[in-house]
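Trainee:
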Amino acid sequence: MKSRAPTAADFETGRGLAFVLGAFRSGTTLLRKMLDSHSRVYSPAETWFLLPLLNMWEGTGESPVYKPGQAAAAIKSHLSREQFVACCRAFAGRFYAANMPDGALVFVDKTPPYLPMAGALRVLFPEAKFVVLARDPRGILWSRHTWRHAEGAMLESQIGGVAGDVRRLGGFVREQGCCVVRYEELCTSAEDELRRVCAHLGLEFEPGMVAYGGREHHEGYGDENTRRFGRPHEGSVRRWEIPEAVEAELMKMCGEESLESLGYGGTVKV
């Protein structure tokens, strides 16, 4: 059991820091609210700050007031890559430390857009813990398709995005030591799954984590449906309505190796 609150210097190396990695619309908000219900964990809404921070080196994207590529070139004229990484660690350490409430021992950052840069997170924070939330790709696809902000996007048009996320997760799990949680088990056997996660984080399980609606949570970007329920339920497990051809194409694009790594091997013949 951890006993000392992490400092900014601790966070710079990843001590006291954990990341939940999962695809968009895979249930990450549910998991983070259950973790946030632990008396020693702080897991707020998505942070996002690492995206623009690290992009300063790459210089991609757009800005109405400056050219990111030009800004990146200027930064590189002052700092080596190693120095830039050290600066990012320093900023991140202070960001996490500034947000930590009294009594918390672990900051759990749940930001789905960090998934494509998961490898960089391991380099930035070598002592951080990682929890991978996997979900049946068909469930992710259906959740994205029925999301109220989907704006009528065709089901087929979202296959590539889902499959790409599944491959990223599968690759990360194969290469990195982490705790893998499957959404379906989280909904049906929450206590067992949370006990495994707590052990991975060096904490004791607390029964109040399952009924996450019993406490206040920092709200921001994340799944609004978690505000309607106070605990996990089975209503969103295996409820998709996907044509067989779409299902087969999705699983084929995910790849058998990634599906196997995440616990969904043999689910559908690909």
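Quick note: the numbering used here has the sequence shown finishing at residue 554, numbered continuously throughout. Note that CB positions come from ideal geometry on N, CA and C, so glycine has one too.
Are V325 and T312 touching if we call contact CB-CB under 8 Å?
Mentor: Taking 8 Å as the Cβ cut-off, V325 and T312 do not qualify as a contacting pair.
Trainee: Name the DSSP beta bridge partners of C463, please?
Mentor: The partner list for C463 (beta bridge, DSSP) reads V415.
Trainee: Roughly how far, in whole angstroms, is the beta-carbon of M318 from the beta-carbon of Y496, given that I think they are within contact range, below 8 Å?
Mentor: At roughly 5 Å, the Cβ-Cβ gap stays under 8 Å, so M318 and Y496 are in contact.
Trainee: Look at the Cβ atom of M493, then the Cβ atom of S347, and state whether they are nearer than 8 Å.
Mentor: The answer is no: Cβ separation not under 8 Å.
Trainee: Kindly confirm or deny that the segment 348-356 and the segment 411-425 touch, where touching means at least three C-beta pairs closer than 8 Å.
Mentor: With the cut-off at 8 Å, the segment 348-356 and the segment 411-425 do not touch.
Trainee: Three or more beta-carbon pairs under 8 Å between the segment 291-299 and the segment 458-475, yes or no?
Mentor: Too few Cβ pairs lie closer than 8 Å, so no.
Trainee: Assign R309 to buried or exposed, taking buried as 16 or more other Cβ atoms, counted over all protein chains shown, within 10 Å of its Cβ.
Mentor: With 16 or more other Cβ atoms within 10 Å, it is buried.
Trainee: For a quick check, are the C-beta atoms of G298 and A370 less than 8 Å apart?
Mentor: No, the Cβ-Cβ distance between G298 and A370 is not below 8 Å.
Trainee: Identify, in the order they occur along the chain, each residue of the same chain with its Cβ nearer than 7 Å to the Cβ of F409, setting aside the five sequence neighbours on each side.
Mentor: T297, G298, L301, listed in sequence order.
Trainee: For the structure I just gave you, are there three or more beta carbon pairs, one from the segment 444-462 and one from the segment 380-389, closer than 8 Å?
Mentor: With a cut-off of 8 Å, the segment 380-389 and the segment 444-462 do not count as touching, because too few Cβ pairs lie within range.
Trainee: Using the DSSP secondary-structure output, state which residues sit across from D294 in a beta bridge.
Mentor: DSSP, once it has assigned bridges, lists no residue as partnering D294.
Trainee: Does H322 have its Cβ less than 8 Å from a Cβ in chain D?
Mentor: Looking at the structure shown, chain D is missing, and only one protein chain is on hand.
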